[in-house]
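K.L.:
My questions all concern the structure below.
Number of protein chains: 2
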Amino acid sequence: MTELLDKINSPQDLHLLSVDELQTLADEIREYITHSVSQTGGHLASNLGIVETTIAMHYVFDFKKDRLLWDVGHQCYAHKILTGRKDLATKLRQPNGISGFPDPEESQYDIFKVGHAGTSIASALGMALGAQLNKTDEKIVALIGDASIVNGTSFEALNNLGLVKRQMLIVLNDNSMAIDITQGAIAKFLAKVRLSHTYEDLRKTTDNILEHLPVIGKKMEGALRSFKKTLRMAISPSRLFESLNVPYFGPVDGHDIGSLIDLFKAMAELDRPAILHIYTKKGKGFTPADNDPRKFHSTGPFKINGQQAKTEKTFTNAFGDILVELAEKDERIIAITAAMPDGTGLVKFRDRFEDRYYDFGIAESAAVDIAAGLAKQGKRPIVCIYSTFLQRGFDHIFQEVALQNSPVIFCIDRAGLVGSDGPTHHGMMDIGFLRMLPNMILTAPASQAELKAALTFALAAESPVAIRYPKDTLPNSEIENATAKKPFEPAKSLTIKHGTAPVAIVALGPTLAQARKAEKQLAAEGIEPTVINARFAKPIDKKIIDLLSENISIITLEDHRLACGFGAAILELDAMQNHGNNAPKQARIITLGAKDAFIKADRRSAQLEEIAITEQRIVETVKNVINRY
Amino acid sequence: MTELLDKINSPQDLHLLSVDELQTLADEIREYITHSVSQTGGHLASNLGIVETTIAMHYVFDFKKDRLLWDVGHQCYAHKILTGRKDLATKLRQPNGISGFPDPEESQYDIFKVGHAGTSIASALGMALGAQLNKTDEKIVALIGDASIVNGTSFEALNNLGLVKRQMLIVLNDNSMAIDITQGAIAKFLAKVRLSHTYEDLRKTTDNILEHLPVIGKKMEGALRSFKKTLRMAISPSRLFESLNVPYFGPVDGHDIGSLIDLFKAMAELDRPAILHIYTKKGKGFTPADNDPRKFHSTGPFKINGQQAKTEKTFTNAFGDILVELAEKDERIIAITAAMPDGTGLVKFRDRFEDRYYDFGIAESAAVDIAAGLAKQGKRPIVCIYSTFLQRGFDHIFQEVALQNSPVIFCIDRAGLVGSDGPTHHGMMDIGFLRMLPNMILTAPASQAELKAALTFALAAESPVAIRYPKDTLPNSEIENATAKKPFEPAKSLTIKHGTAPVAIVALGPTLAQARKAEKQLAAEGIEPTVINARFAKPIDKKIIDLLSENISIITLEDHRLACGFGAAILELDAMQNHGNNAPKQARIITLGAKDAFIKADRRSAQLEEIAITEQRIVETVKNVINRY
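Same order as they appear, the protein sequences are chains L and B. Its first residue numbered 1, the first sequence is counted upward by one per residue in the numbering used here. Its first residue numbered 1, the second sequence is counted upward by one per residue in the numbering used here.
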């Protein structure tokens, strides 16, 4: 059923429909999104919840001229559908398709490419200051969820909101399902407010706001004062924002398009920043997502009955199992996440060791420092944060962990290319920012066996250890067996095969799989390179560098940017070791990995091809090297 | 006068004195600190303000067992004096001396090496969770100032404080002098509270707290409720913390040792985290600092009459002048700082262009995002943040700036070694974390002339540009003249001297000064290396790499860690350009810069020597290279 949706080719077309029809349109869009995501995979629950709000925003504002900033951005599907990007079903998150996040390269309706949380208020604040200086009158709207508003960057921006002396609307989309889902005091507070408000209260609040606004010409303070006077709530979320001096309105029903339209119209005329607090329901309209929004937060393709495809065992699954196993014997283990218990494989741990598990919400910076505090108390905190989000904790890893030489363990999931989430989510910089830190040990296991060995090693170490692994399935049993060899020690690589050719393929982490495939293809042609599993990106095994003096060339493989990466570490060590040696040398270091560019959404395998980590490219490189000897 | 201080060799000795004597001791310590800092330079104003609080904390708690965490940490001098480190006057911030920040290697009384702001609550929270799990009863105290509590990390930690079900005391040291000094809504709010409170009010609050505490055995909630009931304040800062569900007590007088002792004793017995809000006066007791705390925030040696030594013109001064000059002609220029208008040289700009200047407080993350928003509005934001603090904005530079290819300009002061502030403050990683970012251009001017050229170039660019320069004086006029040559363009180095020897010294930024000195010394011995001013760390001039095929070796110089640094960028480019070429080559790349270690406080010149950036080391390296040809 897309009868009404068929008529909508741009936000302007919304004005062709009545409010009742808009409400029906919302249901059609929800159905359409569910169908699309079932084909392509993507974020579902959050997108289903925000449809009415999206429609109402586009009805009131003209986002060709006005500015809409999304926080995180994975909830922008309805927005994409309304702004000329209806072909989600075939194109969402596909190569040359439609990104799962806002993207100004796709549409003038998108302002920032985003994917990380907590940035929308600060970015909007900057745009509002710009408009203030430019004396332009575009409306600026930031849409942020209750999970993102607790992020430190959001808070820093709210604290500076007083600099804005013009319109700027923050829509707080509160879709927390229960107290235990979003973490922290603010979440608990909002949940308490939510539980204390009936549908009737929401209706009454809406009426109250509308009664005191529009206030064209009327001073904001006066309007706010009179609004507050008529509003008596037992628990008011306004307290939260009052000390920050941010005018606050709400909470109101985020599924009532008619009211939302009226509210947005009124609030668009305010001459100061303000927050409108709306309640929405994650997963609305699709029963399986409604029942289990977490499962359908981010999903692969699924059947419309809610059945998701079974997947092979991943590094994430393996990590979750290994951690539980190790924690049974080691009471020092504390698991830490920043709002990603599922994605980082910690659900099993949480269920088994509730009192040794902490989710600090989207607060990567504090999570790292808290871990450092735990380490000072003799604990072994395991910080489980995606590579891309760990960038938020860089300075804290520097100061509270590396500088203290604290034994904090970082288990870095989504290290390397992540497939369809695209450029905001790839973990292409962790080797670089971590190996600049003295005391840090950085390992990249190639298999489940090595992941366990790495964790076991890390737990015995008295220094910080980072373990990086990709969003990928585990390698085959042959690689599992080949990599199970001990000891697993810093600066010790594992030679998988001694070859006869004057070239060694040195693989970091799971790129070993591609190395072995290449090795086999080459063997069939009688070429036998040496194959080495580097195991550590810091410290590097000096044995690898020694190959050069035997006139053996080195080809490094990494699922990371070449700049500052593993290959660069090999180059640096070579420069340091061999700079005294001016004997002419023929052997070269060739580094394969990601060049200096952002990599778009695609299948992970296609992305690996793009960064030269494929059997074929390795085979070619080996042959080129050999031919030149 | 150190009559009483002479008796104090450890915190335990404080119990030998009466409260009146402790108050006198505070004055002695202040005098002693002022004298010490006048000899060595250091942080003054903040240290003078916190003496009584430090004495009272050490009187009540036993920080051999209990744990005291400092935020930022530059206010720890009285703490150092009381904990067996009296020889500040000769040793503060000196090589093998006493760090200007807490340092566990110096004393068991120090827990974390710190220097960056906003981390103490999170670290203390981690230690409290650790104690909770360990079931140990040490008291945990975090001391944080009003400028640090607005940092995002502080907020993230406060939001998670509910996880702690045991004692943990946060002392909020509120020494803001006026509304306009600390930035943001919270600062304004605290200032309003401060202005509304008389000394009498503070006294009354203290009595009220003491009346309702100690509460040994009594439940926290009950105590708090009855405390609040008897407390009626027109403007209460408790609102600020209420929504975060953090029990709050105060404000009280932070210079009244007797009351502080009673308060700490009472609050030590609470079974939950709590905040004690104290008022102190920055610069207390030393008139010049009292009158101008900003000037004496961080100072070089000075005369006791308050006269500071004149210094030569620095890169910071030059930047400040150039920016004002450019801003006269370019209205798009907006200057942004994160609580460092003096240190980043923006005072002149602020005074001249008040409406184009923003200080967002210690909020580096938000500052970067706000700048990105301004850039989207056609502005040219100049983000002025020290290299080490910019680490806080790494992820925001990645997402909001590099990924959007937004023309935000980063003017990175304190890039490289910073001298006596030591390891928390060196900027040894900016080249690494910035050059991993696609779209980013990274330049390091060697002189005032180049700094202006770099800024001029950046303003014309449509990409993000980062400009790094050290905490140092400008080079001599010869270098100024040699580097004034145009054009100043990405990937274009400047050959300063064409030599005849098979070696080129390639200097990044102000290391050119050492390169030229070495060149002259070598010339006297008839050795003539080529000298190149690299200008850009990204993109690298390919001409530099081409020297290798002429069999000319390259020696790179950088004031940065070798890992991921400028030399590494040269190595990477060589690997990429020359990997097809297996012709034996004799020419080598030798990288000089900082090894994988933290560098202690010392004179900057001594630190440069430590990382091999000296005339002598360069001369030796050139000779070694040549001898091996």
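All C-beta atoms in this analysis are idealised placements derived from N, C-alpha and C, irrespective of residue type, glycine included.
Leaving aside the five residues before and after K65 of chain L along the sequence, list all residues of the same chain whose C-beta is less than 7 Å from its C-beta, in chain order.
P.N.:
Taken in chain order, the residues that qualify are E138.
K.L.:
Of the residues that make up the segment 407–438 of chain B, which ones have a beta carbon closer than 7 Å to any beta carbon in chain L?
P.N.:
Within the segment 407–438 of chain B, the residues whose Cβ lies closer than 7 Å to some Cβ of chain L are P423, T424, M429, G432, F433, R435, M436 and P438, listed in chain order.
K.L.:
Run through DSSP, which three-state label would Q75 of chain L get?
P.N.:
Coil at Q75 of chain L, not helix or strand.
K.L.:
Report yes or no: is there a C-beta of chain B within less than 7 Å of the C-beta of D62 of chain L?
P.N.:
With 7 Å as the cut-off, D62 of chain L does not count as an interface residue toward chain B.
K.L.:
Please list the partners that H277 of chain B has in chain L, where partner means a Cβ-to-Cβ separation under 8 Å.
P.N.:
Simply none; closest approach about 13 Å.
K.L.:
Give the DSSP-derived three-state secondary structure of F353 of chain B in the structure shown.
P.N.:
Correct three-state label for F353 of chain B: coil.
K.L.:
Can you look up T206 of chain B in the DSSP assignment and give me helix, strand or coil?
P.N.:
T206 of chain B falls in the helix class under three-state DSSP.
K.L.:
For H560 of chain B, collect the residues of the same chain with a Cβ closer than 7 Å to its Cβ; drop the 5 residues on either side in sequence, then sort them by chain order.
P.N.:
Taken in chain order, the residues that qualify are G416, M428, I431, F566, G593 and A594.
K.L.:
Which of helix, strand or coil does DSSP assign to L172 of chain B?
P.N.:
Residue state, collapsed to three classes: strand.
K.L.:
To the nearest whole angstrom, what separates the beta carbons of T337 of chain B and I385 of chain B, a pair I think is in contact under 8 Å?
P.N.:
The Cβ separation is near 7 Å, so the contact holds.
K.L.:
If you measure from the beta carbon of L270 of chain L to each beta carbon in chain B, is any gap under 7 Å?
P.N.:
So no, L270 of chain L is outside the interface.
K.L.:
Relative to the C-alpha of L276 of chain B, which candidate in B:Q75, B:I479, B:D146 and B:A534 has its C-alpha closest?
P.N.:
Minimum Cα distance to L276 of chain B is reached at B:D146.
K.L.:
Helix or strand or just coil, what does DSSP make of P11 of chain B?
P.N.:
Residue state, collapsed to three classes: helix.
K.L.:
Can you give me the Cβ contacts of A56 of chain B inside the same chain, cut-off strictly under 7 Å, excluding the 5 residues immediately before and after it?
P.N.:
For A56 of chain B, where only same-chain residues beyond five positions count, the Cβ hits under 7 Å are I257, L260, I261 and F264.
K.L.:
Under a CB-based cut-off of 7 Å, is C564 of chain B close to chain L?
P.N.:
At least one chain L Cβ lies under 7 Å of C564 of chain B.
K.L.:
For the alpha helix (DSSP H) containing F101 of chain B, name the first residue and the last one.
P.N.:
First-last for F101 of chain B: undefined, no H or E at that position.
K.L.:
DSSP on A466 of chain B, reduced to helix/strand/coil?
P.N.:
The answer is strand: DSSP assigns A466 of chain B an E or B state.
K.L.:
What's the call for P11 of chain B, buried or exposed, on a 16-neighbour Cβ count within 10 Å?
P.N.:
Its Cβ being crowded by 16 or more others within 10 Å, P11 of chain B is buried.
K.L.:
In whole angstroms, what separates the C-alpha of R392 of chain B from that of L125 of chain L?
P.N.:
Roughly 19 Å between the two C-alpha positions.
K.L.:
If you draw a straight line from the C-alpha of A339 of chain L to the C-alpha of S387 of chain L, how long is it?
P.N.:
Computed Cα separation, rounded: 14 Å.
K.L.:
Could you check if T344 of chain B belongs to the surroundings of the ligand GDP, using beta carbon to heavy atom distance under 6 Å?
P.N.:
You won't find the ligand GDP in this model; it holds no ligand whatsoever.
K.L.:
What residues match up with H43 of chain L in a beta bridge as DSSP calls it?
P.N.:
Beta-bridge pairing links H43 of chain L to L:S298.
K.L.:
Residues of chain B with a CB under 9 Å from the CB of T299 of chain L: which are they?
P.N.:
Going along chain B, no residue has its Cβ under 9 Å from T299 of chain L, so there is no contact; the nearest lies around 24 Å.
K.L.:
Could you give the distance in angstroms between the alpha-carbon of G97 of chain B and the alpha-carbon of Q399 of chain L?
P.N.:
Taking the straight line from one Cα to the other gives about 21 Å.
K.L.:
Looking only at its own chain, which residues have a Cβ that is under 7 Å from the Cβ of M16 of chain B, when we skip the five neighbours before and after it?
P.N.:
Strictly speaking, residue 16 of chain B in this sequence is Leu, with Met absent from that position. Taken in chain order, the residues that qualify are K7.
K.L.:
Shortest alpha-carbon distance to P487 of chain L belongs to which of L:A507, L:A453 and L:P464?
P.N.:
Considering only alpha carbons, the answer is L:A453.
K.L.:
Could you give the DSSP three-state label for I179 of chain L: helix, strand or coil?
P.N.:
With a pLDDT of 45 at I179 of chain L, under the threshold of 50, the modelled position of that residue is not reliable, and no figure is offered here.
K.L.:
Helix or strand or just coil, what does DSSP make of F264 of chain L?
P.N.:
Three-state DSSP puts F264 of chain L in a helix.
K.L.:
Measure how close the beta-carbons of A501 of chain L and E528 of chain L come, nearest whole angstrom, since I'm counting them as under 8 Å.
P.N.:
Yes, A501 of chain L and E528 of chain L are in contact; Cβ-Cβ is about 5 Å, under 8 Å.
K.L.:
Along chain B, in chain order, which residues have C-beta atoms closer than 8 Å to that of N175 of chain L?
P.N.:
Residues of chain B passing the Cβ test: none, with the nearest at roughly 18 Å.
K.L.:
Just checking: is the beta-carbon of V653 of chain B within a distance shorter than 7 Å of some beta-carbon in chain L?
P.N.:
An answer regarding residue 653 of chain B cannot be provided, because it is not within the stretch 1 to 629 covered by chain B.
K.L.:
Can you name the start and end residues of the beta strand (DSSP E) that Y248 of chain B belongs to?
P.N.:
Unbroken beta strand (DSSP E) run through Y248 of chain B: Y248 to D253.
K.L.:
Could you name the residues of chain L that F315 of chain B contacts, counting a contact when the two beta carbons are closer than 8 Å?
P.N.:
The premise fails here: F315 of chain B is roughly 23 Å from chain L at the closest Cβ pair, so nothing lies under 8 Å.
K.L.:
Go through the segment 119–171 of chain B residue by residue and report every complete run of the alpha helix (DSSP H) that reaches 4 residues or more, in order.
P.N.:
Correct list: 120–134 and 152–159.
K.L.:
Pair every Cβ in the segment 77–84 of chain L with every Cβ in the segment 112–129 of chain L, then say whether three or more of these pairs are closer than 8 Å.
P.N.:
Verdict: no, contact absent.
K.L.:
Classify M195 of chain L as buried or exposed, calling it buried when 16 or more other Cβ atoms lie within 10 Å of its own Cβ.
P.N.:
Here residue 195 of chain L is Leu; the residue named in the question, Met, does not match the sequence. Label assigned to L195 of chain L: exposed.
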